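Numbering (my numbering), first residue to last: 275 to 1435.
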């Protein structure tokens, strides 16, 4: 990711800072604005799809206080990380980069990570701000939102959150269920926001306490401690006893190391250990070993607090102390540290100081100046440079220049009052202050600088030219005490055998081996750890199962919807069958199936509670949120109505099956299944036809049952065959002959001799008596007869085919007319749907036929040669057969959002591109941009992608290292890389008809050529031809498009060129001298604009130098020629006019500026 993008992001972030005037106005209205602070933060978290449950799942540890909360958080994070927790850490302020505020596993976010997460949060927040007409969150609040968003997506195990200011109304106080809360030492600070007394400040700090959650506070002043206890009782929290540092049982080596950081760190370490113990207990983790605990403390680094770094002969002592108590601790630490470093030579001791906000310089400086001997003082603004740049991480707009300068003058007056000398100066920025320090360093053997008064002052890390990476000083003076302490601890553990006794379960693979080891050694502690881990594993699985949700696009949800649809169709078909008397035979089976379908409907409610939904374009996948959305929807009411126990009425009316009609409220699930099937199926037209048939069958079924119900109403047993209602005579049993007349003549045929066979009605009775015993009937049940006849009547009526008996009364007439009208409507729908299906099926073929006919007419009109015409027609037939003409890939890509297009391209090409040796070490972001720019090209059988000795197109094969050239586009050299999607290519020598190699699907070639590697001996010539064997589909990337990608990845380009040179060098086709002359790129035209300008500037300078050199040579040669000409002229004159110069010597003739000057005439 380019630094330019990072600077743009930082500029956006800094635009959220309030200027000094606005901040002063906000402070005056803090009481009314603080009421909306938490609500606004929660609103934006919801917009970011970070719910309260998501925050609680981060297992947050919330820490407030005035002094030491940053150090406490740092020690706690190191301890928990040593216990294999994935930690998230949010703190403020930062030293060098704003990325330091959010750390994952102790490491600040990288630039690419920060850009990725920032853009998502900023875009979402800005959209929400505009839609809901609410102000954009301020700087700190935005970073708080970003921290929760990052930790959620990084899936941390524990998140450590440091309060910004106060606690009660701080925007970090959106945490509902912290694992534990901590309160560090309190002091008067931010009095204009929190109050002027310790009681008021304690009230705000204790605002982070939550119901039924543990709280640990260090010992405070009596008034403050009383307020904290009262607040804990009010909020029904649990106050856990604080364990002092002296009672922790740490080794003497560790104690000495902590004391070397300052005595005040003892309390911070003690609080961190107490908090860590509560976290381990709350999360069901085994207690930490003393050795692991001490190791974590020794490995803690917290820059800017009790921090020492050195540059040449200047040693900087950095501490962000900014309250009276923290200044006292800083003074003690500095005095102890500086005295231990003086070895017979006292350095020049300088104070670099500034205080901000409502703090009084005199109250802070008095302790420093009276307890330490400072030789000089520099009071400076916290601005890094004179010019404020919004693209700088350290830009601070919250204080005005006037206010900062006034603080500097007040500090200067305090110095003069206490020290009674004028060894003091003020500067407008930190850069100027460091210049003063460097000037002092030039005149002194060593200089010690204490930098304190504000957390914004440790920025000299960067200005002191000390290597700094993510706020952690790299080339810092090593702490000898820490090294010695670690060595002593390791040696003691080795000598006492503790290293051999300790067994830790690092991976789940080792669980069984640990179990047997525990059995063998009788180590019950390890067995207990194993059981706890197993119990925790099952607990986590159960919690995950209970909190899981279903994606509507998943196969599991689709198949479940299909099951619910089958149950709904079953209810639709059986709810009306009670009208038939014979249905009572199947009554018991029907009841069993009803129970099954009701259970499915009940389970479906549980499933729909977990169905993921979209809300304002954001996917909601939190169980509680999805359940709430489902309960508030109309779907829940329908599902609840479908579960009402109306079956109880069947105890009184067993045949009234229509009482279960409430089950039809689940029909909306049938619609869901139809919609999702249309999306998933590869045969949409066939599915539409099947759906139409099923719908027709259901309508015929219901209408037939209704017809039989009306027949019951009109007493059909007494009706005749010609009546409108149902009668059994309308559907007699089927009769089959018992013998075959072809083989049983006389037995199976009647002798009709003497009978008038033309008038058989006259002896019909004789025929009936003869054939009565020669047929057998197949009996059908009454239910089958009734249902089939009613269904047949319904189908005839609704399809308006008619041929039924006439209605006998007005009611029957009305029913018949209504049925016919409904049939007309149904028939029109059927015809319309089928017509649309036929039209859609034939639309693509019609467009293809138009294209083919148009090509034929065009070729006939232009008299195209029959060979070319045949190739064109063959290509059209091939494209139709493989579906390329029916599927416009570019149109589909344009219709997709950019992100989905990128994911599709990555899925198709990324694995292939990663196999290319040249691109294996490229950033994934660069590969992503490359696949986004690939274009499809199709080649016919026998087509040459390039020919030998052609000029203009350079292609380098990855497999056989055969290079060709590329065509020119205007004045730009267009070089291409190809990916074979389908088909085969041959690298051939046309003259000798030799195939060098065959390239198949998935191969990539041309990757060397698009880099235009300098020193390539083949230059712009092709050494072979590439021919398509059959129809080949190739994806193409041009060099112009690659350069567009490289503008965002400038570092990758040079590494790619060097890697390409290694490949050419291995193939012995790299001219080292030519590569050296050409530089990084062989063709300057292909460089980016900035590089071309730089190259042009260098060329102009070189040309100017050459021009100056040649001009000087010309003038020098002219003077030489003039001198020779005049000397020759003088010699000639002397010879010609020797009688005038008889008394002259050679030295009397002087040639100057082309004039002959004789001495005497």
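Just so you know, even glycine gets a beta-carbon here, dropped at the ideal spot from N, CA and C. These figures come from a predicted structure and were not determined experimentally.
Can you check which of these residues, 464, 453 and 431, is closest to residue 440 by C-alpha distance? On the chain shown, residue 440 is found 166 positions in, with the first residue counted as 1. The shortest C-alpha separation from residue 440 is found at 464.
Alpha-carbon spacing of residue 676 relative to residue 320, whole angstroms: As a position in the chain shown, residue 676 is number 402, starting the count at 1. As a position in the chain shown, residue 320 is number 46, starting the count at 1. Computed Cα separation, rounded: 40 Å.
Could you tell me if residue 691 is buried or exposed, where buried requires 16 or more neighbouring beta carbons within 10 angstroms of its beta carbon? Indexing the chain shown from 1 puts residue 691 at position 417. Under this definition residue 691 is an exposed residue.
Boundaries (first-last residue) of the beta strand (DSSP E) holding residue 1221: What you label residue 1221 is simply residue 947 of the chain shown in a count that begins at 1. Per DSSP, residue 1221 belongs to no beta strand (DSSP E) and is neither H nor E.
Specify the secondary structure class of residue 362 as computed by DSSP and reduced to three states. Position 88 of the chain shown holds residue 362. If DSSP states are grouped into helix, strand and coil, residue 362 belongs with the strands.
My output table needs one value for residue 1127: the three-state DSSP class, helix, strand or coil. If you number the chain shown from 1, residue 1127 lands on position 853. If DSSP states are grouped into helix, strand and coil, residue 1127 belongs with the helices.
Of the residues 371, 357, 855 and 377, which one's Cα is nearest the Cα of residue 364? In the chain shown, residue 364 corresponds to position 90, counting from 1. Among 371, 357, 855 and 377, the Cα nearest to that of residue 364 is on 377.
Return the bridge partner residues of residue 456 from the DSSP annotation. For the purposes of this step, residue 456 is taken as the residue at position 182 of the chain shown. Beta-bridge annotation (DSSP): residue 456 is paired with 337 and 490.
Top-ranked residue by Cα proximity to residue 638, from 607, 656 and 599: Residue 638 sits at position 364 when you count from the first residue of the chain shown. Put simply, of 607, 656 and 599 the residue whose alpha carbon is nearest the alpha carbon of residue 638 is 599.
Determine the burial state of residue 518: buried for a count of at least 16 other Cβ atoms within 10 Å of its Cβ, exposed for fewer. For the purposes of this step, residue 518 is identified with residue 244 of the chain shown, where counting begins at 1. Flag for residue 518 reads exposed.
Should residue 862 go down as buried or exposed, given a rule of 16 or more other Cβ atoms within 10 Å for buried? Within the chain shown, residue 862 is the residue found at index 588, counting from 1. Residue 862 is exposed by the Cβ-count criterion.
For the region 516-530 against the region 543-559, are there 3 or more C-beta pairs whose distance is under 8 Å? In short, these stretches touch, since the Cβ pair count reaches three.
Chain D beta carbons: is any one of them nearer than 8 Å to that of residue 570? The structure shown contains no chain D; it holds only a single protein chain.
Please report how far the alpha carbon of residue 717 lies from the alpha carbon of residue 388, in whole angstroms. Taking the first residue of the chain shown as 1, we reach residue 717 at position 443. Taking the first residue of the chain shown as 1, we reach residue 388 at position 114. Cα-Cα distance, rounded: 43 Å.
Check the DSSP bridge columns for residue 597 and list the partner residues they point to. Residue 597 sits at position 323 when you count from the first residue of the chain shown. DSSP, once it has assigned bridges, lists no residue as partnering residue 597.
CB-CB under 8 Å to residue 332, same chain, minus the five flanking residues each way: which ones, in chain order? Your numbering for residue 332 matches position 58 in the chain shown. Correct list, in chain order: 362, 422, 425, 426, 430, 432 and 433.
Cβ shell of residue 587 (< 8 Å), same chain only, five flanking positions each side left out: Reading the chain shown from its first residue, position 313 is the one you call residue 587. Cβ neighbours of residue 587 beyond the five flanking positions: 715, 718, 719, 720 and 721.
Can you name the residues that DSSP bridges to residue 404? Looking up residue 404 in the chain shown gives position 130. Per DSSP, none; premise fails for residue 404.
Can you give me the start and stop residues for the alpha helix (DSSP H) that residue 950 sits inside? Residue numbering aside, residue 950 sits at position 676 when the chain shown is read from its first letter. It spans 941-954 - the alpha helix (DSSP H) in which residue 950 sits, taken as one unbroken run.
Could you say which of 1332, 459, 848 and 1318 lies nearest to residue 219 if we only look at CA atoms? It is not possible to answer for residue 219, since the shown part of the chain is limited to 275 through 1435.
Inter-stretch contact (C-beta, 8 Å, three-pair minimum) for the region 1252-1266 and the region 1333-1340: no
Tell me, to the nearest whole angstrom, how far the beta carbon of residue 488 is from that of residue 448; I am working on the premise that it is less than 8 Å. Position 214 of the chain shown, counting from 1, holds the residue named residue 488. Position 174 of the chain shown, counting from 1, holds the residue named residue 448. Wrong, their Cβ atoms sit about 19 Å apart, outside the cutoff.
Which residue's Cα is closest to the Cα of residue 713: 328, 652, 922 and 915? On the chain shown, position 439 is the one that residue 713 refers to. The candidate whose alpha carbon is nearest that of residue 713 is 652.
Sorted by chain position, which residues of the same chain lie with C-beta nearer than 6 Å to residue 279's C-beta, five sequence neighbours on each side aside? Locating residue 279 in the chain shown gives position 5, where the first residue counts as 1. Only 389 meet the Cβ criterion.
Which class does residue 376 belong to by DSSP, given the choice of helix, strand or coil? As a first step, residue 376 is located in the chain shown; it is residue number 102 there, counting from the start. Strand.
Using only the alpha-carbon positions, how far apart do residue 1472 and residue 689 sit? Outside the shown range of the chain, which is 275 to 1435, sits residue 1472, and nothing can be said about it.
At which residues does the alpha helix (DSSP H) containing residue 722 begin and terminate? Position 448 of the chain shown holds residue 722. Looking at the DSSP string, residue 722 is not in any alpha helix (DSSP H); the run it does join, the beta strand (DSSP E), is 721-726.
Comparing C-alpha positions only, which one of 1143, 1124 and 1125 sits nearest to residue 1133? Against the chain shown, residue 1133 aligns to sequence position 859. It is 1143.
What did DSSP end up calling residue 412 once you bin it into helix, strand or coil? Stepping through the chain shown from its first residue, residue 412 is reached at position 138. In the three-state scheme derived from DSSP, where H, G and I count as helix and E and B as strand, residue 412 is classed as coil.
Whole angstroms is fine: what's the gap from residue 281's alpha carbon to residue 1329's? For the purposes of this step, residue 281 is taken as residue 7 along the chain shown, with counting starting at 1. For the purposes of this step, residue 1329 is taken as residue 1055 along the chain shown, with counting starting at 1. Approximately 24 Å, taken between the alpha carbons.
Outcome for residue 1320 when other beta-carbon atoms lying within 10 angstroms are tallied against a minimum of 16: Here residue 1320 refers to the residue found at position 1046 of the chain shown. Looking at its Cβ environment, which holds 16 or more other Cβ atoms inside 10 Å, residue 1320 is buried.
Tell me the rounded alpha-carbon separation between residue 237 and residue 1171. For the chain, the structure presents residues 275 to 1435; residue 237 sits outside this window and is missing.
Please classify residue 437: does DSSP put it in a helix, a strand, or coil? The sequence position of residue 437 within the chain shown is 163, counting from 1. Here residue 437 sits in coil by DSSP.
Looking only at its chain, what residues have a beta carbon closer than 8 Å to the beta carbon of residue 399, apart from the 5 residues adjacent to it on each side? Counting from one through the chain shown, the residue named residue 399 turns up at place 125. Excluding residues within five positions, the ones whose Cβ falls inside 8 Å are 318, 321, 322, 410, 411, 416 and 419.
Taking the C-alpha atoms as reference points, what is the distance between residue 1028 and residue 1039? Here residue 1028 refers to the residue found at position 754 when the chain shown is read from its first residue. Here residue 1039 refers to the residue found at position 765 when the chain shown is read from its first residue. About 16 Å.
Run of the beta strand (DSSP E) containing residue 937, from where it starts to where it stops: Here the question's residue 937 lines up with position 663 in the chain shown. Careful: residue 937 lies outside any beta strand (DSSP E) and carries neither H nor E.
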